[in-house]
Structure formats: structure tokens, C-alpha cells
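Peer 1:
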Amino acid sequence: MRARNPEIARGVDWAIIAIYLMLVSIGVMSIFAATYRDESILQGFLSLKTDYSKQALFFFISLLLGVFILLIDSKLFTATANLSYIAGIILLLLVFPFHTEVKGTRSIIRFGTFQLQPAELCKIFVNLALAKYLSQLETDFSRLKDQLIAAALVLLPAILAIFQSETGLALVYFSFFLVMYREGLPSFVLVIGISVMVLVIATLLLESNMLAGILTAMAIAAIYLFRKSFRRNRGLLFLIIGCWILSVGIQRFAVPFLFESVLKPYQVQRIYATVGRDFSVDPETMSEEDIRKMEDRKKASTYNVKQSKIAIGSGGFLGKGLMKGTQTRYDFVPEQRTDFIFCTIGEGFGFLGSTILLLLYLMLLMRIVQIAERQRSTFSRCYAYGVASVIFSHVLINIGMTVGLVPVIGIPLPFMSYGGTALLTFTVLLAILVRLDADRLMNLR
Amino acid sequence: MPLYHQSRQTVIQAIFLVVFVILMVRLFVLQMLSPQYQMQAMDNAVYRSIVYPDRGIIFDREGKPILENTLTRELMILPNQLKRVDTAGLLSILGIDTAEFRQRLVAAIVKNGRYRPSVFEPSLTIEKFVKLQESMFRFEPGFFLQERPIRTYPYRAAAHILGYIGEVDSTILRRTNFFYQMGDYMGLSGLERYYESVLMGQRGVSYQLKDNRNRIVGAFENGKYDTTAKAGRNLRTYLDMEVQMMAERFFANKLGAVVAIEPSTGGIIAMASGPTYDPNQLTGPQRRRNFSWLLSDTARPLFNRAIKGQYPPGSTVKPMGALIALDQGVITPEYGYGCGGAYVACGRPIRCSHAGGGHAANLRNALANSCNSYFCHIYRMSVDKGEYGGVMNGYVRWQQYANSFGMGVRLGLDLPSEDKGFIADTGFYNRMYRGVWNSCNNVFLGIGQGEMTATPLQMANLMCIIANKGYFYTPHFVERIDGQGVEDTIQRRFKLKHEVTKIPREAYEAVQLGMQDVVDHGTAWVARIDGITMAAKTGTAENYGIINGKREKLQDHSWFVCFAPRENPKIAVAVVVENAGFGATWAGPIASLIVEKYLNDTLRTHRLKEVERIASKEIILPVIRQKRQRLDSLRKARLEVVERSVTSSRNGMGDGLSSEKTAALTESTRSEDRAKGISNNTDKGSGSKGSRRLPENHSIHQVAIIRKDEGTQS
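Chains as they are written, first to last, in our numbering: chain A, 55 to 499; chain B, 23 to 736.
1) Give the interface partners of A:Y235 over in chain B, defined as CB-CB distance under 9 Å, in chain order.
2) According to DSSP, simplified to helix, strand and coil, what is B:F582?
3) Pull the bridge partners of B:I445 from the DSSP assignment, please.
4) Could you run through the stretch 56–84 of chain B and flag, in chain order, every residue whose CB is less than 7 Å away from some CB of chain A?
5) Scan the stretch 222–248 of chain B for residues whose Cβ lies nearer than 9 Å to a Cβ of chain A and list them as they occur along the chain.
6) Going along the chain, which residues of its own chain have a beta-carbon closer than 8 Å to the beta-carbon of A:G458, five neighbours each way excluded?
7) Within 10 Å of its beta-carbon, does A:S434 have 16 or more other beta-carbons around it, so buried, or fewer, so exposed?
8) Which stretch, first to last residue, makes up the alpha helix (DSSP H) that contains A:F292?
9) Mind checking the stretch 373–392 of chain A against chain B and listing, in chain order, the residues whose C-beta falls within less than 7 Å of any C-beta there?
10) With which residues is B:N91 paired in a DSSP beta bridge?
11) Mind pulling the chain A residues with CB within less than 7 Å of B:M54?
12) Check whether chain B comes within 8 Å of A:E93, counting only Cβ atoms and requiring the distance to be less than that.
13) Could you give the DSSP three-state label for A:R306: helix, strand or coil?
14) Looking at the structure shown, is B:I641 part of a helix, part of a strand, or coil, going by DSSP?
15) The beta strand (DSSP E) spanning B:G240 covers which residue range?
16) Measure from the alpha carbon of A:L498 to the alpha carbon of each residue in A:A88, A:D127, A:T456, then state which is nearest.
17) Any idea if A:G247 is buried or exposed, counting beta-carbon neighbours within 10 angstroms, 16 or more meaning buried?
18) Could you tell me which of A:R494, A:A183, A:L414 sits nearest to A:A72, measuring between CA atoms?
19) DSSP three-state call for B:E284: helix, strand or coil?
20) To the nearest angstrom, report how far apart A:A183 and B:A67 are at their CA atoms.
21) Tell me which residue opens and which closes the alpha helix (DSSP H) that A:K129 is part of.
22) How about B:V265 and B:I616: are their beta carbons less than 8 Å apart?
23) Distance check for B:P176 and B:C361, CA to CA, integer angstroms please.
24) Just tell me which of B:Q651, B:R657, B:R660, B:D406 has its CA closest to the CA of B:A321.
25) Can you check whether the CB of B:G610 is closer than 8 Å to the CB of B:F560?
26) With 16 other CB atoms within 10 Å as the buried threshold, where does B:A36 fall?
27) Using only alpha-carbon positions, find the residue among B:K150, B:D76, B:V239, B:T475 that is nearest to B:T92.
28) Check whether the stretch 570–580 of chain B and the stretch 551–558 of chain B are in contact - that is, three or more C-beta pairs closer than 8 Å.
29) Leaving out five residues on either side along the sequence, give the residues of the same chain with a beta carbon under 8 Å from the beta carbon of B:K639.
30) Check the Cβ-Cβ distances between B:G100 and every residue of chain A, and say whether any is below 8 Å.
31) Looking only at its own chain, which residues have a Cβ that is under 7 Å from the Cβ of B:G188, when we skip the five neighbours before and after it?
32) Measure the beta-carbon distance from B:M46 to A:L412 and round it to whole angstroms, keeping in mind my assumption that it falls under 8 Å.
33) Considering only the beta carbon of each residue, do A:L484 and A:Y74 sit closer than 8 Å?
34) With 16 other CB atoms within 10 Å as the buried threshold, where does B:R692 fall?
35) Are B:G212 and B:L437 closer than 8 Å when you measure CB to CB?
36) Quick check on B:A726: does DSSP put it in helix, strand or coil?
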């Protein structure tokens, strides 16, 4: 059903827009606090040479783009979903011959002064395509075949991102499994995924023999607890024993194999640094350049996290006040306008400010879930869950990194980090959601 | 599609909620429960800079400063800020070329890095400073001017007394429990060290903000936590700089020492040790090189002989022997001894310079004529006194007496590293004579030879005791400290009166008159000053040294001790000139001039010639002089070579030859030093051994080349 008289304001969810405006404003303010030096503020904004003025300009462009998207007919998104996905994959592939190496990533194509990061942009297309696929009438998500196709849709760009050294964005693509879970992916996939994650982290944290002992103890305890059920249910015993063998196997063989053969030394090092342990490899198995690179990265990443923790930790309850934070004012935290922008809030506004910011994000996520559930069309619901997953994974990884819970993975904090592509991407993601929500009574396919 | 899985929205919302709660808990732990991050942020961003107080000044007795704080002006460079600097203009003001500029820039970067300032040109002249100041805007911010206080010595004198200051090292840092900080200056010797706590004042602290490259960006909290520096307090000394400078002039080319004390207070009027050096050498940029040169000098200018030189006192100790005997009651002033030209009671005769009848008819005469027999005899009477029951106890008593006269013990003046001289104890003699000895074995103690040495300070103090008729105050330099309060205990012990004897004043009169006779018509007639009655005693101390591996008897040390005026003593002086012969030849005139200068404030014209005569006379053992000259020429050569190699390398023509030559020269100097070190060691060892084996040679102390470690000084 086409809207005869497209009126922007009709059916728009103002709560989301309000939270969005607040977050981007806080972002511009934080960038201002982190990068403002003694220049005249008016001149700083007008010259468009300072980071905060550029971000303000991106904000303005994003608003224009958002309004433009709100004027588009919702059907266009379903119609072009597959096409845009293909275009996105082609863009991702084009990166390999045409990329410019910037700060260690190989994911950026440059046209003059304009930089494009397809892996970032592709999130929109993948989200649209996944929603489209899941909403197709012929898709039966209880079938393994369809589950595999959906997974492939998501994993293809993720793998391409890994090859472009964008581990962080690849992780973001994995978050689309949340959407699939909502749409009927068996729970045990999620449970197994989380269990494996816990097991891997435990492998890193604990002595391998001790962990094996703990796992064995757990298995024995389980057998003891369920000893009465075995008579009725033979399978349970085998399940427990199977789990035990699998866990010990992962812990003993799979994780070491992963670390020694699959991941790069600096990545292993970062992971170890996060759990607070020193990582040592046999230097003979590495080339000299690798060792040097690793040392550099080790120094840089441990320094970053240390300074970031100092910045946030020194904020206390109320913080030092806007522009009064010594850590962020005097460049102790590297990359503080982009990946470590949260430090500015943590130091300047303390626990109170940080919590309020986190609650804003949580409110946004909860609102999106709410919106998703009120959609009539599966496409819109899937799309909304996709947006929530992307934002959620970004916030988790980014803030987790600044507080030292997650390895140093360079991905932006949604709506706040300095950078045009990221802000535009998130704006478009959100604007499409608002547009679809405005037409929530339509059945889109 | 059917809403089969609608319940899963709660699971997803729960996942979101759990993750956010984890993040918030983490934030809570970081921000609310981890105060260490606040400290670390402070450490990162707050620069604690020390504001150094002015060090206290030291004044002489007339209130004129002996040392001052002056500002040295330095041109500093900040290598990372050199972009818009007018280098050509700077080069023309400093008068250096581009190559030199580059060299200094590299040196600065190597030393302190790009982001911290280093000294580009130290001690700028006033003209350069003014010129630079005028056009500084062309060189900022890569260059800036800085002023730093250093010590200067307007009189170029009193180096041994004042000592020097230097940067603290890690040992001091640890020992003082990090009271000092890296880069602090502290007194390392002399008064600077003894009165360090008074002179240094109180540091101020100013807190400043810095960025991630350690650049200062402003005051922290507008200086709320800053404390101001409190200047060090000044010292007022007893020193008479006129006398001091004259004394140093005498000892510029002699080895030895002079100490002059005001008997009524114990205040030290002058103290010089030869050879002297200019204290200005140990300030400023050349400090390190000059110090090592002074340290390697064979005449050892850094060694303060006035408090560390150990000399056999010779005849100058005879008045003490008399006082001990008087106090014990074994003699009276009228006691006489029939000396026939030698003391023969102990077998081998000890020669006396007089043979005439009655030259030792009473104490006064015996002192005036310095009769060896008389003082050997009364020494034996002291130690063999019946009531002690044996020489052992008698000697113990005698040693206690000597100690109370300040011999063989540290007097405790306000300079660090004083030596205590030497008075042997009974254990020493027991080892030496395997437990069997009598008063004949150490009879030489009566005439100041044998197992006994004293520092010039101790001898001057002995004169104070005689001048005061029985007491002394611990010799000290500082009369008072500016702003002195009850809490200042550092000076309290100098106000204590030390009573030494209980001898009636008449007995002292006899000793004093005897010493006056020494001047009026005895051995010290050269020291006579018209209009001043002086009491004195000459000394001629035999001594031995090791020269090229052989033990040789060296030229005697020339001793002279005196006080004046006798009736109302104002000054007591002890002078020793190493290897200068009779006491009256060099030490006597020096002491006399010092007394006259101090008492009359001026010298009569015919005496000025005498000053010239003494000052121009060099008295240094030929061995030492030769070594010294060789070292000097080596240094000059080395300096030339270094300069040449610097210039040649600057011109880009550094040749291997010059550096080879430098190496060769350095090596030869080193082997020289090594040889010296070895000879010193043998010196010391065989010296004491010799005295055990050859008791008949009554003075077994090489003083000329005595080596005590100078570690405490450096």
C-alpha cells in the first residue's frame, strides 16, 4: 500500500530520533573536549579544519541524508535489498586491488580526500539482504538448508573483512546470528556458541591441567547428580561424557591449534593482554619482522588500554568536568577522538556520566527491540533486530575495549566516534528503521 | 510468518541487559573502587617542579661574603621546536659555524632527547646575553635563556674550609631516604657539607600540568598546592680573610698547613693547607675535569693537611709534657735537671742542642732552651710515678692526659673528615716489645717524636689551652647562624668549656714565660714582633719517607706554634712546613706574620718584603715536584691533542693519528698513576713495620708522602 501523501513526520518514532540526536551531540561535544586547543571556538567551527567542526559537518550531512531516507518509499528497500547486497560484496572485493593502507588496515578505498570503507558500509546491505531472505515466503527457517544460506549471507562479508584486517567489523557481522536466533535458529546453537566462548576464555585464564581437572570434576558431579535418571535415559550419560571429551579436546587441542596456526601473533598477544597475561611465543618460529611488529603492537596496545583505564578510572563518581580531564586533554590516550572517545566521558563525567551514556544506549536497544516486535512484516522485524545487533556489538566491543574487558579491536562507538563513514552508516541504518517503522502496518516482502 | 519465536525477544533483551550490567559493574570497579587510577593520572599529567632556594651565604668576621651565589646565564635549546628559528642570526651572535651548531644540536638530542631542553651554550657573557635577549623573539621557542645560581668565591680563597657542592648521586639518594632528588645539589665537603641542613634552605614545590610528551602546558589548579621556597640561612664565621689569604699565599708553593685560633672562643681565624687551589675551579662547566686533575696531583691539593695531615710534633709538644708533669705534681716550676748535652739515662744518648750548665735549671729555662734531656726526664718521671705501680698504668694515665689535651683524638671541629693523629696505646707497645718495655722504650714521646703524630689543628688547640691557662673550646669556624633559634643544636657543643688541668695559674705562668723566652732570646727570635709579647715554641721533626722503594730520611718538617699577646692572648697559631728544616727558618716567620697581621690589621713596610720572600720560596720535595711537573706537561699535551682533534674532526679531517696519540698519552698517565699508587701502599706498610723493627730511629713517620685515602673528600 503506497502512501499517497508522503509526509515525513507521519508515524515516525520520536523516541529513537531523540536518543539519536542526544548521542551524536554528546559525540561532537566529546570530540570537542578531546581536541580543542586554544583557538577561537567560532573560527574553529567555521574553518572546518578542526575535528569537531568536521564531525559537526558530518552530523549535518547525516541529518540531511536521514530526512532524505524518510522521504523514500519503504518498498524500495525490499526491492533493492538483494541488489545492494551484491553491490556491497563487489565493493568489498574491489578493496583488494584498490585499497590504501591506513594505520594497518587494508579496508579503505580512497578517492582524493574522500575515504570509503566498504566493510563498514556493507553492514546496511547485509542487514537488508538478511531481512529480505528471512522474510521470503519460501524460506523455512527450521530447515537446515535455509539456515546455512542465511549463515553464508552473513559470513561471506565477515570473511572478506577478516582478509582486510578488520577483525572488529568481522565480529560485528557475527552479531547477525542474534537476528537468526530470533527467527528460529535452534537455541542450542546460541548455547553452544556461548559455552565455547566461555571455555576458550577459561583456557586462556587457567592452567591447562587445572582446567582439565575442573572439567572432569564437573562431569563427575553431573554424573553423580543424574545417576538416577540414567536408567531411564541412557543418552544422558553419553551426552555428559561426550561434552566432557569435547570440552577437554577444545581446551587441550583446538585452542592451542587456533592460537599457533590460525591467528597472527599480535592478535594472540592482544587477546592474552586482555585477560592480563603475558604471551610468549617461540621466537624461532617467527621471522624477525614479525617479532618486531609484535613488540610494537604489544607496546602500543598495552599502552592504549593502560592510559584508557587510567583516564576512565581517574574520573571517579562525578568526573573532573568537561575539558578538565588531564588524560584526555593532554593526549595521553591515543586515538581518543575515534576508538577511545568513551574515555572523554569516563574522565570528564565520571561514573555518573558513563552510566547515563550506557543507559542511553540500552534504552535505544530496548526501544529498537520494542519497535521490531510491533512490525507487521517479517522484513521490518528482521531489519530492526539487525540494527540492534550491530549497535549492540559495536558498543560491547568498543566500551569493553576501553575498560579493558575486550581485546584492543579498533571499531567505532556508534554515533559518537569521530569519522564520517561510521556516522553516516549508523544514521542510514537507523533512518531506514524509522522509515520502515513508519510503515509498520504494511506487509513488506 | 507465524510468531513462533516471539518469546525469544525476552532472551535477546536479557542478553543486552546482562552485557550492559557487566559493563556498568566494570565501570563501577574502575571509577569507584580503584583510587590508584587517580594517582596514575596525576603522575601522568602533573609535573612536580622543585623551586630551588638560594643557598646560604658564608661571611667572614667582618661581615664580608666569602662565597656568593651568582647567576650563570645559559642558552637552552628545545630541539623539537626548531622550525621557525633564525639560525643564521643566532650563529652570528654566538660566533659559531653551522658545523658546530649541528654538533651541539646532536649532543643536546643525545643527552636529553628532543622534547626536553638542554644547555646549548653555558655561562654566557653579559654582552652575548644582552644581545640574545634583544633578539630572542627570532629564536623562540626553539631557544630560550635561563639563569641558574652557582657558587662563586670573590676571594678565590678558603677552598679547603668552604668545600664544594655537587650533584647528589644515587648512594646519597638512598642514604638520605630520598630526601634529595636527582639533580639536587648538596654540600659534598667542608662547611658546605657540615652545615648542609642550614645552608640548603627549604625547597619549594610548584605543580604544573604536562602533556604526553612532557611539555609543560600550565599551572595545576592555579598553583593551589604550590609551596614557596625558603632561602638557606647564612653563616657568620670567625675567619679573617686578610689573614687567610696571606696564609694561602705562603702555602701556594709549599706543603704544610697553618691554623690560627682565637683562644677565648675556639673560633678559627685562618686555616690553610698547602698547596692550595682556587675554589672557583670546582664550579661551573669545568668542574669535573678540574676535580680529576686536582685529585691526580702528586702534591695533593685536595687534602686538607690542617686537619688530616699527621706530623710528628717534635719539640712543640714539650709544653704539654711539662703541664702533665706539673698537674701530676712530679715537678714544680722550679724543678731543674743537670743536662750535659745529652740524655744518657736510657743507654744510647739523646742529643740536646745545649750543653752549657744551667740551661735547664728550671722549667722556664728548659722550655726556652728546648732542652731534650729535661723533657725526656720529666716524661719518664710522669709515667714512672710511684703511685701508679708500673710503667703500664703510668703510661695509660699519660695517654689519658694527652687525649684530654686533644692529642690522639678528634677535636670535632665543624668540618667533616678530621683525622685524630696518633698516640700509641699500651697494646701497641706490648705488641712491639712483646709485653716487656719500660719508660726508656718510648722516652721520645717526651720530645714529640716516636709513636706520636698530631695534626696542625691539634697543635693550635694545644696553644689555646696554654694561652687560656687550662681550658679550651672546640675549634670551630661558625660563630653564629643567621636566624638562630633554640631548635638549632648544631652549634651547641662549641659553647662547652673543656677544662683540661687543675694546675695553679703560677705554674702556667712558668710555662708561658718559658715560651716567651723562646721568642725573646731563644730559638724563635726571628718571630719577634715589636710591641707584641709572644709565647712560642719551635719544632724540628725528623721524618722518613719511601722514595723509589727505599726508605730515606727526609728533610725535617719545620714546626712553629705560638700565641700572642702573652698577657691577654688573642690568637694561637700552629704552622708546619713539610721538609723545610728548622722550625725557625720558615714556619716561624710565617706564624709571626700571621700574628702581626691579625693583631695590627696591617704589616709594617719592611715586613711586606718578608711576605714576598716567603711567598716566592717553593718548598716541595724534589721527587714530588718532578712527578708533578711531568703530570702537568702531560696534561697540557693531552689538552692540545684533544683540542686539535676536535678542530680537525670539526673540519671533517679527523685523522687517526691524533686519536692514537691521545690514547698513548692517556695510557702513559695512567701507568704513572698506577706506579704512584703502588709506591703509596708500600709507603704506608713498611713505615709502620720499620718503626717496630728499628726503635732506635726515633721518628718513623713518613709524612711527606703519607697516603690516607681521599675517598671521603671526593
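Cβ coordinates follow ideal geometry from the N, Cα and C atoms, glycine included.
Peer 2: According to the structure data:
1) H27, R30, V33, I34
2) strand
3) B:M474
4) S56, Y59, Q60, Q62, A63, N66, A67
5) L231, K232, D233, N234, R235, R237, V239, F242
6) T328, V359, S362, K363
7) buried
8) 288–303
9) T380, Q381, Y384, D385, F386
10) B:R173
11) F371, F405
12) no
13) helix
14) strand
15) 238–241
16) A:D127
17) exposed
18) A:L414
19) strand
20) 50 Å
21) 129–152
22) yes
23) 54 Å
24) B:Q651
25) It should be noted that the sequence gives Thr, not Phe, for residue 560 of chain B. Taking 8 Å as the Cβ cut-off, B:T560 and B:G610 qualify as a contacting pair.
26) exposed
27) B:D76
28) no
29) N275, K276, W608
30) Note on residue identity: the sequence assigns Leu, not Gly, to residue 100 of chain B. So, not an interface residue.
31) Y207, L210
32) 6 Å
33) yes
34) Residue confidence for B:R692 is low, a pLDDT of 43 falling below 50, so the modelled location carries little weight and cannot support an answer.
35) yes
36) Confidence at B:A726 is low in this model, with a pLDDT of 33, below 50, so the placement of that residue is unreliable and no value is reported for it.
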